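Residue numbers (numbering that gives the first Met the number 0), protein chains in the order written: chain A, 0 to 140; chain B, 0 to 140; chain C, 0 to 140; chain D, 0 to 140.
In what follows, a single structure is set out as structure tokens and then discussed.
4 protein chains.
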Amino acid sequence: MSKPMTNEARLRVRYAETDKMGVVYHSNFIVWFEIGRVELLRQLGFNYRDMEIEDDCHIAVVDVRCRYKLPARYDDEIVVRTSLKNVRESLLHFSYQVARAGDDALLAEGETTHIAVNSRFEKMPLPEKYKAAFTEILHRN
Amino acid sequence: MSKPMTNEARLRVRYAETDKMGVVYHSNFIVWFEIGRVELLRQLGFNYRDMEIEDDCHIAVVDVRCRYKLPARYDDEIVVRTSLKNVRESLLHFSYQVARAGDDALLAEGETTHIAVNSRFEKMPLPEKYKAAFTEILHRN
Amino acid sequence: MSKPMTNEARLRVRYAETDKMGVVYHSNFIVWFEIGRVELLRQLGFNYRDMEIEDDCHIAVVDVRCRYKLPARYDDEIVVRTSLKNVRESLLHFSYQVARAGDDALLAEGETTHIAVNSRFEKMPLPEKYKAAFTEILHRN
Amino acid sequence: MSKPMTNEARLRVRYAETDKMGVVYHSNFIVWFEIGRVELLRQLGFNYRDMEIEDDCHIAVVDVRCRYKLPARYDDEIVVRTSLKNVRESLLHFSYQVARAGDDALLAEGETTHIAVNSRFEKMPLPEKYKAAFTEILHRN
């Protein structure tokens, strides 16, 4: 049994991401989810840029949810842990945990649901190579 | 019976809000929710800026969800319809509909949950004047 | 003699635009410049969205400068005054003043230089209708 | 003679940073400048977060300029090269080069000017330890 596959992406909180409460403005966590997603693809051997260019396949967001536990602060090093939760014909479902690198405190967790679309936003099946790779890691999880 | 209270805030999609798919990047809808929320407060006679300064009361986001229906495009005029769904001691729950002004097509809908905190992020009861106003419009809804 | 043409665009500072210093993060003024520019075009009878779609003409930024005088604060109503300073074959030059609506205090001023490009980022002459309109308002200024 | 001191910060272009032209929206380069500035401080042994907290010293931007040479694209790895150009009583002047990591193509270059202020935005002299370190690297340059 191999270990479940989770990508760990790291980033550092930018000044631009903070707000007047002195902490990270909440919508930036949604941007960080996307970073985690792309790095999970990269770990699988795929480049999302190429997926868009070569396969005209775009992973459009249809649902996003985030629960905030603790504020993220300026200059914090952040770990985004991303896992694939489900894959179907043209649907992908990811989950995320956002933690502070220093003490691994959980700052937020969330999920996103996506459908594969072409550049005209028409639903399309996931190209076989992606679907195969996604299915393989799902079974590992 | 008065009508349920919904704020309608209007904004125009900025170039900076679009992404390489040619549509609004999804995290911007979460920013628009915040605009709707603040305008609902203003409609109630409150200024969120003063709420922070005068009452040291901050409406921290603890949960956000957004479901995307149709892409928003550059220069679209957008309507954000915000309603208060619930209020308790130190908790607020809002719902949102984001529509295209031209044809009122529904682009996204979502909910946010908040707790009242002071500037040290300690949970606090909503000051009475806000709680009274929120409760009043809830009963109208 | 008609008055020089300046567009006045209005916007309200968003919470997401503030940073941990409690004021608007400086790069947002550059976003506001773009809003001013687009509204100046609209005042001239042009829609930048259509300019991109119908004429494949994009006003790419090649130089931006901003001098900051006073901080902009959350919920401030902001006026962006945009003027065309120069137009040539495929070059446009705008200047901006960003003021607080309440007391008209000058918060920042700046300039941007642009070249007209097609969607492959190849320099192109400004389509005649735009050039004619721009030249006309320059002479008025 | 030691080499002039330049910090090289690396980052990867986020999807959220692109716009409908398919390239990075120009104001994001200004955010990247700030990342470069903070990493230059870190290389000097200072943490800007601590500088704000412990010394109530904030490096407010008073002037920013950026000249754009080539578009940055989604998923590009970016190098921000930051140098200190000048330091005076309460003034700092930095310059930046933004390059694509792959082929070191120059994408943009710029400068920022800053004044040291306290949290009430009152001009203050740079605390001696920072001034000494800045002056030392200037003389090395």
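Built from N, CA and C at the ideal position, the CB exists for glycine as well.
Quick caveat, the model's predicted, so the values are computed rather than measured.
{"Asked": "Could you check whether the Cβ of C65 of chain C sits closer than 9 Å to any Cβ belonging to chain D?", "Found": "yes"}
{"Asked": "DSSP state of V30 of chain A, grouped into three classes?", "Found": "helix"}
{"Asked": "When you compare the CB positions of F120 of chain C and V12 of chain D, do they come within less than 9 Å of one another, or not?", "Found": "no"}
{"Asked": "Check D55 of chain D in the structure and name its three-state DSSP category.", "Found": "coil"}
{"Asked": "Please state the DSSP three-state secondary structure of V37 of chain A.", "Found": "helix"}
{"Asked": "Which of helix, strand or coil does DSSP assign to K130 of chain C?", "Found": "helix"}
{"Asked": "Taking contact to mean at least 3 C-beta pairs separated by less than 8 Å, is the region 126-137 of chain D in contact with the region 42-61 of chain D?", "Found": "yes"}
{"Asked": "Applying the 10 Å Cβ sphere with the 16-neighbour rule, what's the burial state of R139 of chain C?", "Found": "exposed"}
{"Asked": "Closest to I34 of chain B by CA distance: which of A:S26, A:L39, A:R87 and A:V30 is it?", "Found": "A:S26"}
{"Asked": "Could you have a look at A100 of chain C and say whether DSSP puts it in helix, strand or coil?", "Found": "coil"}
{"Asked": "Which class does H25 of chain B belong to by DSSP, given the choice of helix, strand or coil?", "Found": "coil"}
{"Asked": "Got a sec: which bits of the region 13-29 of chain B sit with their beta carbon under 7 Å from any beta carbon on chain D, in order along the chain?", "Found": "Y14, A15, T17, D18, K19, G21, Y24 and S26"}
{"Asked": "Output the distance between the C-alpha atoms of R99 of chain B and R72 of chain B, rounded to the nearest integer angstrom.", "Found": "9 Å"}
{"Asked": "Using the three-state DSSP reduction, which class does E16 of chain D fall into: helix, strand or coil?", "Found": "helix"}
{"Asked": "Quick one: Cα of F32 of chain A to Cα of I114 of chain A, how far?", "Found": "16 Å"}
{"Asked": "Output the distance between the C-alpha atoms of R9 of chain B and V30 of chain B, rounded to the nearest integer angstrom.", "Found": "13 Å"}
{"Asked": "Can you confirm whether R99 of chain A, when its beta carbon is compared against all beta carbons of chain D, has any partner nearer than 9 Å?", "Found": "no"}
{"Asked": "Among residues of its own chain, excluding the 5 on either side of L90 of chain C, which ones have a beta-carbon nearer than 6 Å to its beta-carbon?", "Found": "I114"}
{"Asked": "Can you give me the Cβ contacts of Y24 of chain C inside the same chain, cut-off strictly under 6 Å, excluding the 5 residues immediately before and after it?", "Found": "D18"}
{"Asked": "Secondary structure at R76 of chain B, three-state DSSP: helix, strand or coil?", "Found": "Note that residue 76 of chain B corresponds to Glu in the displayed sequence, not to Arg. Reduced to three states, the DSSP call for E76 of chain B is strand."}
{"Asked": "Beta-carbon of N46 of chain A versus every beta-carbon of chain D: anything under 9 Å?", "Found": "yes"}
{"Asked": "Relative to chain B, which residues along the region 74-89 of chain C have a C-beta separation below 7 Å, given in chain order?", "Found": "D74"}
{"Asked": "Using the three-state DSSP reduction, which class does M0 of chain A fall into: helix, strand or coil?", "Found": "For M0 of chain A, the predicted model reports a pLDDT of 42, less than 50, meaning its position is unreliable; a value from the coordinates is still stated below. Three-state DSSP puts M0 of chain A in coil, outside helix and strand."}
{"Asked": "Taking the alpha-carbon of L142 of chain D as reference, which of D:E53, D:I77 and D:T81 has the nearest alpha-carbon?", "Found": "For residue 142 of chain D there is no data in the structure shown, the boundaries of chain D being 0 and 140."}
{"Asked": "Whose Cβ in chain D lies nearer than 8 Å to the Cβ of D62 of chain C?", "Found": "R64, C65, R66 and Y67"}
{"Asked": "According to DSSP, simplified to helix, strand and coil, what is R87 of chain A?", "Found": "strand"}
{"Asked": "Rounded C-beta distance between D103 of chain A and R48 of chain D? I'm assuming under 8 Å.", "Found": "Their Cβ separation, rounded to whole angstroms, is 20 Å, which puts D103 of chain A and R48 of chain D out of contact at 8 Å."}
{"Asked": "DSSP state of E121 of chain C, grouped into three classes?", "Found": "coil"}
{"Asked": "What are the residues that DSSP puts in a beta bridge with E135 of chain B?", "Found": "Note: E135 of chain B sits in no beta bridge, so no partner."}
{"Asked": "Pick from A:L83, A:F28 and A:E7: whose alpha carbon is nearest that of E142 of chain A?", "Found": "Lying before the first or after the last residue shown, residue 142 of chain A is absent from chain A, which here runs from 0 to 140."}
{"Asked": "Within a Cβ cutoff of 7 Å, which residues of the same chain sit near S1 of chain C, ignoring the five residues on either side of it in sequence?", "Found": "For S1 of chain C, the predicted model reports a pLDDT of 48, less than 50, meaning its position is unreliable and no value from the coordinates is stated."}
{"Asked": "Give a yes or no on whether the C-beta atoms belonging to M20 of chain D and S94 of chain C are separated by under 9 Å.", "Found": "no"}
{"Asked": "What's the C-alpha gap between K84 of chain B and H92 of chain B?", "Found": "5 Å"}
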